[in-house]
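Taken in order, the sequence shown gives residues 1 to 472; the numbers are from the working numbering.
Following: one structure in structure tokens, then a few remarks.
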Amino acid sequence: MENNEKATFAQTFEVQRPKYNDIWAGVLFLLFCAGFVAVSGISLQGYATTKGFNGGGIYDGNNDFGLSTNTIILFVLCVASALVLSYAYVLLARFFTKQIIWITGILNVLWGLGLAIYMLSRRYWSGGIVMLVFSLFFVFAFFSWRRRIPFSVLMLQTAIDVSRTYGHVYLVSLLGGLAAAAFGIWYTITLVAVYVRFEPGANPACDRGAGGCSTATVIGLIVFITFTAYWMTEFLKNYIHTIISGVYGSWYFRPTALPSGPTRGAIRRASTYSFGSISFGSLLVAIINFLRQLCSVGQQSEAQSGDIVGAIAFCVLRCFLGVLEWVVQFINRYAFSYIALYGKAYIPAAKDTWRMIRDRGIDALVNECLIGPVFGMGSFFVAFFCGLLSFLYVTFTKPAYNEHNEFTPVIVAFAFVVGLQMCNTMTVPLSSGIDTIFVAMAWDPEAMRTQHPDLWDQIVARYPKVQQAVMA
Numbered sequence: 001m002e003n004n005e006k007a008t009f010a011q012t013f014e015v016q017r018p019k020y021n022d023i024w025a026g027v028l029f030l031l032f033c034a035g036f037v038a039v040s041g042i043s044l045q046g047y048a049t050t051k052g053f054n055g056g057g058i059y060d061g062n063n064d065f066g067l068s069t070n071t072i073i074l075f076v077l078c079v080a081s082a083l084v085l086s087y088a089y090v091l092l093a094r095f096f097t098k099q100i101i102w103i104t105g106i107l108n109v110l111w112g113l114g115l116a117i118y119m120l121s122r123r124y125w126s127g128g129i130v131m132l133v134f135s136l137f138f139v140f141a142f143f144s145w146r147r148r149i150p151f152s153v154l155m156l157q158t159a160i161d162v163s164r165t166y167g168h169v170y171l172v173s174l175l176g177g178l179a180a181a182a183f184g185i186w187y188t189i190t191l192v193a194v195y196v197r198f199e200p201g202a203n204p205a206c207d208r209g210a211g212g213c214s215t216a217t218v219i220g221l222i223v224f225i226t227f228t229a230y231w232m233t234e235f236l237k238n239y240i241h242t243i244i245s246g247v248y249g250s251w252y253f254r255p256t257a258l259p260s261g262p263t264r265g266a267i268r269r270a271s272t273y274s275f276g277s278i279s280f281g282s283l284l285v286a287i288i289n290f291l292r293q294l295c296s297v298g299q300q301s302e303a304q305s306g307d308i309v310g311a312i313a314f315c316v317l318r319c320f321l322g323v324l325e326w327v328v329q330f331i332n333r334y335a336f337s338y339i340a341l342y343g344k345a346y347i348p349a350a351k352d353t354w355r356m357i358r359d360r361g362i363d364a365l366v367n368e369c370l371i372g373p374v375f376g377m378g379s380f381f382v383a384f385f386c387g388l389l390s391f392l393y394v395t396f397t398k399p400a401y402n403e404h405n406e407f408t409p410v411i412v413a414f415a416f417v418v419g420l421q422m423c424n425t426m427t428v429p430l431s432s433g434i435d436t437i438f439v440a441m442a443w444d445p446e447a448m449r450t451q452h453p454d455l456w457d458q459i460v461a462r463y464p465k466v467q468q469a470v471m472a
């Protein structure tokens, strides 16, 4: 096919047989989603029958044994705040591309330190210590990254330029953010409804609806819906990443004759052939994130009870899981970019992509690019805000169920996660573009040299050794 001939996305990036991969993961994901819907329906029905008992606002509830309408209002505020801040951050990156790295680092450090100092002054030791550790880490990371900022700005500017040409990149980002917000509200309302429906005690819901009340039931259902929520939000992020990778891959290989309907073609492939592979990769991250969440709650609970040794043990385990999550996320980013273009199964795509990136010398560029870590810091900024909002909310509204602050660690932890996941979803499209460029360079460096000579010259000017490694 001639280079200037218009082709479809499917024709440009043909999928080899078998076209449908990792079907088991896709089926399992759909089963978990169905289970989430069932639990949500039963719990919301129980909540609806006792709405008068749980209140219709912040202060009018009689529930003194578990989460109530007061908590639903808090989580809705957190979701709305996270949506606004996340979209503002994406716009900031779009219009202040050169400054966004410095802005992110400085604001994140100042915000984290301020939040840690405030929590410590309020004698909320567990939350304050955790925020202080995060802030000190960000200070160290930011100063160690300074020499890598110019190259990172170059790659981000390239991604922004492409996204400005193809406006559907921001449309996908916006729709993804709205979907994340809608699911965040659904999840948090379900979380509260589970407590309302199944928490034992002076609970009128225990005599109504399906099943009885017990602490074991509450724990089991919370574990199930939280893990499923992690899986669903990870799937959403990777689904968006795969779509955007298809768009940037089209730009990389055919900049002068972009395939017709690249976004539609990428959506069709992500929703069919690659659905199972996206589910598989998302499952791995969901498991790790869920274990980290358990460690976070355990750490705060142990610190609040005065068990410093237990809190330190949970902190160490959480750090180990954090490193493991980084490794899996790193592999996923590039594997899904390759899957978006060529439709391989998850494991072969991850192996082949990493081998090509390493053999071509692209890993040097990957390590030098800060966009992923910077956007991660931006997400933590939003998460910090949601954590502070939840802490202030339960402190000043003083809900009856939280008289002794026993629910504070759980509420703050969940609010933090809501903010983190939502901002991560909103920033996916920009980081996905850069990831796709690296993967495409690993598989076809000649296309970079011939189709994008200006960008190639700027990369080689900064890293001359990459030219020899890539062209070998």
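Note that CB positions come from ideal geometry on N, CA and C, so glycine has one too.
These numbers were taken from a predicted model, which means no experiment stands behind them.
When the options are compared against residue i, the one with the closest alpha-carbon
i	options	result
S135	G419, Q451, A383, V194	A383
Y47	C33, A179, T71	T71
A182	A229, G322, S274	A229
T256	T450, T49, S152	T450
G41	T263, L77, Y187	Y187
F142	L110, F9, T165, R122	L110
Y89	G184, T215, A216, F380	F380
V316	L365, C295, S43	C295
R224	E14, K98, F290, T353	Note that residue 224 corresponds to Phe in the displayed sequence, not to Arg. Of E14, K98, F290, T353, the residue nearest in Cα terms is F290.
M441	Y166, L44, V366	V366
G298	R318, D457, V285, G184	R318
I437	A313, N332, G249	G249
R493	G419, I267, S245, L389	The question about residue 493 has no answer here: the residues shown for the chain are numbered 1 through 472.
K19	Y273, L113, L154	Y273
P348	L154, I459, I331	I331
F198	L283, I219, T395	I219
L113	W102, R122, I100, V139	V139
Y252	V439, P464, V374	V439
Residue environment, residue i, which counts as buried when at least 16 other CB atoms sit within 10 Å
i	result
I106	exposed
P150	exposed
R254	buried
A80	exposed
P453	exposed
D435	buried
G265	buried
T215	exposed
P262	buried
A38	exposed
G35	exposed
R461	Per the sequence presented here, residue 461 reads as Ala, with Arg not at that position. With fewer than 16 Cβ atoms within 10 Å of its Cβ, A461 is classed as exposed.
L30	exposed
V84	exposed
L420	buried
T395	exposed
L91	exposed
Whether residue i touches residue j by CB criterion (7 Å)
i	j	result
S431	I339	no
S163	V169	yes
F416	C386	yes
K237	T8	no
A335	A350	yes
T242	A286	no
M422	S86	yes
L473	T97	Beyond the ends of the chain as shown, which are 1 and 472, falls residue 473; an answer cannot be given.
S393	L74	The sequence given here has Tyr at residue 393, not Ser. Yes.
V247	Y166	yes
L455	T158	yes
I101	V374	yes
Own chain partners of residue i with C-beta closer than 6 Å, once the 5 adjacent residues on each side are dropped
i	result
G276	N21, D22, I23, A25, G26
Spatial neighbours of residue i in its chain, beta-carbon cut-off 7 Å, leaving aside the 5 residues before and after
i	result
A116	G128, M131, L132, S135
R94	I160
I288	L321, L324, E325, V328
F32	T228, W231
S390	L74, C78, I411, V412, A415
L388	L115
A210	At A210, the pLDDT of 49 sits below 50, so the modelled position is not reliable; the number obtained from the coordinates is stated separately. The residues are I42.
K10	Before going on, a small fix: residue 10 reads as Ala here, not Lys. Only G265 meet the Cβ criterion.
Closer than 6 Å: residue i CB and nearest the ligand SAM heavy atom
i	result
T450	As for the ligand SAM, it is missing from this structure, which has no ligand bound.
Contacts around residue i, its chain only, beta-carbon distance under 8 Å, and the 5 residues preceding and following it disregarded
i	result
I240	V172, S173, G176, T425, V428, P429, S432
R292	R318, L321, G322, E325
I185	F75, V76, V79
Q458	L154
Supposed contact pair residue j and residue i - C-beta distance, whole angstroms, cut 8 Å
i	j	result
C369	S144	Contact flag wrong, Cβ pair sits at about 15 Å.
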